[in-house]
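Notes to accompany the following structure.
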Amino acid sequence: MRKCLFVLLFSVCPSVSASDLCSILSGAKVISEDGKFLGVVASSYSSDSIFNEYGSHGSEYSTDSIWNEYGTYGGEYSTKSPFNPYTSTPPFLVKDGKAIAYLSVNKSLNAAVNPWVLKSCYE
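Going by mature numbering (1 follows the signal peptide of the UniProt record, and there is no 0), the letters in the sequence shown line up with residues -18 to -1, 1 to 105, in that order.
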(Lines of atoms letter the chains of each structure in order from A and count residues from 1; the text may use other names and numbers.)
(Lines give C-alpha, C1' and ligand atoms only; values in the text may rest on other atoms or scores of the structure.)
Protein backbone atom coordinates (compact mmCIF):
# COMPACT_ATOMS: atom_id res chain seq x y z
CA MET A 1 0.00 0.00 0.00
CA ARG A 2 2.75 2.50 0.90
CA LYS A 3 4.66 1.69 -2.26
CA CYS A 4 1.54 2.51 -4.22
CA LEU A 5 1.22 5.80 -2.29
CA PHE A 6 4.55 6.94 -3.65
CA VAL A 7 3.54 5.83 -7.11
CA LEU A 8 0.24 7.67 -6.72
CA LEU A 9 2.00 10.81 -5.63
CA PHE A 10 4.11 10.60 -8.76
CA SER A 11 0.82 10.35 -10.73
CA VAL A 12 1.38 6.89 -12.15
CA CYS A 13 -1.01 4.77 -10.07
CA PRO A 14 -4.59 5.69 -10.97
CA SER A 15 -6.00 2.57 -9.26
CA VAL A 16 -5.60 3.96 -5.72
CA SER A 17 -8.84 5.49 -4.54
CA ALA A 18 -9.20 8.76 -2.68
CA SER A 19 -10.27 6.85 0.43
CA ASP A 20 -7.05 4.80 0.25
CA LEU A 21 -5.03 8.01 0.10
CA CYS A 22 -6.95 9.39 3.07
CA SER A 23 -6.34 6.21 5.02
CA ILE A 24 -2.62 6.18 4.23
CA LEU A 25 -2.13 9.80 5.29
CA SER A 26 -4.29 9.60 8.43
CA GLY A 27 -2.17 10.24 11.50
CA ALA A 28 0.69 11.85 9.59
CA LYS A 29 2.39 14.81 11.26
CA VAL A 30 2.72 18.07 9.35
CA ILE A 31 6.22 19.50 9.80
CA SER A 32 7.50 22.76 8.33
CA GLU A 33 10.84 23.01 6.55
CA ASP A 34 12.23 24.76 9.64
CA GLY A 35 11.18 21.81 11.85
CA LYS A 36 8.07 23.39 13.39
CA PHE A 37 5.26 20.95 14.24
CA LEU A 38 2.15 22.22 12.44
CA GLY A 39 -0.35 19.56 13.47
CA VAL A 40 -1.64 16.13 12.57
CA VAL A 41 -3.77 14.80 9.73
CA ALA A 42 -6.74 13.64 11.80
CA SER A 43 -10.41 14.16 12.52
CA SER A 44 -11.50 17.69 13.37
CA TYR A 45 -12.24 16.41 16.89
CA SER A 46 -8.54 15.83 17.58
CA SER A 47 -6.93 18.74 19.46
CA ASP A 48 -3.78 18.63 17.27
CA SER A 49 -5.62 18.19 13.97
CA ILE A 50 -4.97 20.62 11.14
CA PHE A 51 -8.73 20.36 10.52
CA ASN A 52 -9.82 21.39 14.04
CA GLU A 53 -10.85 24.99 13.43
CA TYR A 54 -10.88 25.64 17.19
CA GLY A 55 -7.40 24.23 17.81
CA SER A 56 -4.03 25.92 17.48
CA HIS A 57 -3.15 23.92 14.36
CA GLY A 58 -6.45 24.25 12.52
CA SER A 59 -7.60 27.77 13.33
CA GLU A 60 -7.38 30.35 10.57
CA TYR A 61 -6.17 32.83 13.23
CA SER A 62 -3.36 30.77 14.78
CA THR A 63 0.26 31.55 13.92
CA ASP A 64 0.96 27.80 13.84
CA SER A 65 -1.78 26.99 11.34
CA ILE A 66 -1.48 26.31 7.63
CA TRP A 67 -4.96 27.83 7.29
CA ASN A 68 -3.85 31.30 8.48
CA GLU A 69 -3.56 33.06 5.13
CA TYR A 70 -1.57 35.91 6.69
CA GLY A 71 0.84 33.68 8.61
CA THR A 72 4.24 32.19 7.89
CA TYR A 73 2.84 28.70 7.39
CA GLY A 74 -0.32 29.53 5.46
CA GLY A 75 0.30 32.69 3.47
CA GLU A 76 0.21 32.40 -0.29
CA TYR A 77 3.54 34.22 -0.61
CA SER A 78 5.41 32.49 2.22
CA THR A 79 8.04 29.97 1.15
CA LYS A 80 7.02 27.80 4.14
CA SER A 81 3.36 27.63 3.12
CA PRO A 82 1.63 24.75 1.33
CA PHE A 83 -0.42 27.38 -0.54
CA ASN A 84 2.52 29.05 -2.29
CA PRO A 85 2.38 27.58 -5.81
CA TYR A 86 6.09 28.25 -6.39
CA THR A 87 7.74 27.22 -3.12
CA SER A 88 10.30 24.46 -3.01
CA THR A 89 10.18 24.36 0.81
CA PRO A 90 6.58 23.55 1.80
CA PRO A 91 5.66 21.52 4.89
CA PHE A 92 5.98 17.77 4.62
CA LEU A 93 4.00 14.84 5.97
CA VAL A 94 5.74 12.43 8.34
CA LYS A 95 4.39 9.02 9.24
CA ASP A 96 6.17 6.35 11.27
CA GLY A 97 9.19 8.65 11.50
CA LYS A 98 9.60 9.01 7.72
CA ALA A 99 8.77 11.91 5.41
CA ILE A 100 6.27 10.49 2.93
CA ALA A 101 5.13 13.54 0.95
CA TYR A 102 5.11 17.30 0.66
CA LEU A 103 1.93 19.19 1.54
CA SER A 104 1.70 21.68 -1.29
CA VAL A 105 -0.30 23.15 -4.16
CA ASN A 106 2.96 23.37 -6.15
CA LYS A 107 2.33 21.10 -9.14
CA SER A 108 6.05 21.03 -9.96
CA LEU A 109 6.97 19.15 -6.77
CA ASN A 110 7.15 15.39 -6.93
CA ALA A 111 5.30 13.59 -4.15
CA ALA A 112 3.09 16.54 -3.22
CA VAL A 113 -0.39 16.26 -1.73
CA ASN A 114 -2.68 19.23 -2.24
CA PRO A 115 -3.96 20.45 1.17
CA TRP A 116 -7.46 21.04 -0.27
CA VAL A 117 -7.61 17.44 -1.48
CA LEU A 118 -6.44 16.26 1.93
CA LYS A 119 -9.05 18.42 3.66
CA SER A 120 -11.79 16.74 1.61
CA CYS A 121 -10.93 13.49 3.43
CA TYR A 122 -12.28 15.01 6.64
CA GLU A 123 -15.35 16.90 5.45
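Backbone N, C-alpha and C define an ideal beta-carbon position, used for all residues, glycine too.
{"Check": "One or two residues paired with I13 in a DSSP bridge", "Outcome": "F19, F74"}
{"Check": "Contact check, Y55 vs P73, beta carbons under 8 Å", "Outcome": "yes"}
{"Check": "Sequence-distant residues of its chain with Cβ nearer than 6 Å to A24 (five each side left out)", "Outcome": "S31"}
{"Check": "Rounded C-alpha distance that separates S28 from K77", "Outcome": "17 Å"}
{"Check": "Which of helix, strand or coil DSSP assigns to I82", "Outcome": "strand"}
{"Check": "Beta-carbon proximity list for S38, same chain, < 6 Å, skipping 5 on both sides", "Outcome": "S44, D46"}
{"Check": "Pair within 8 Å by beta-carbon distance, V99 and L75", "Outcome": "no"}
{"Check": "Alpha helix (DSSP H) segment containing P97, residue limits", "Outcome": "97 to 102"}
{"Check": "Residues of its chain near N88, where Cβ-Cβ distance is below 8 Å and the 5 sequence neighbours each way are ignored", "Outcome": "N66, P67, Y68, T69, S70, P72, A94"}
{"Check": "Of the listed residues E35, A10, S5, S26, nearest to G79 (C-alpha basis)", "Outcome": "A10"}
{"Check": "6 Å Cβ shell around E105 - same chain, five flanking residues per side excluded", "Outcome": "none"}
{"Check": "heavy atom of the ligand MN below 7 Å from D16 C-beta", "Outcome": "This structure simply doesn't include the ligand MN, nor any ligand for that matter."}
{"Check": "Secondary structure of S5, DSSP reduced to three states", "Outcome": "helix"}
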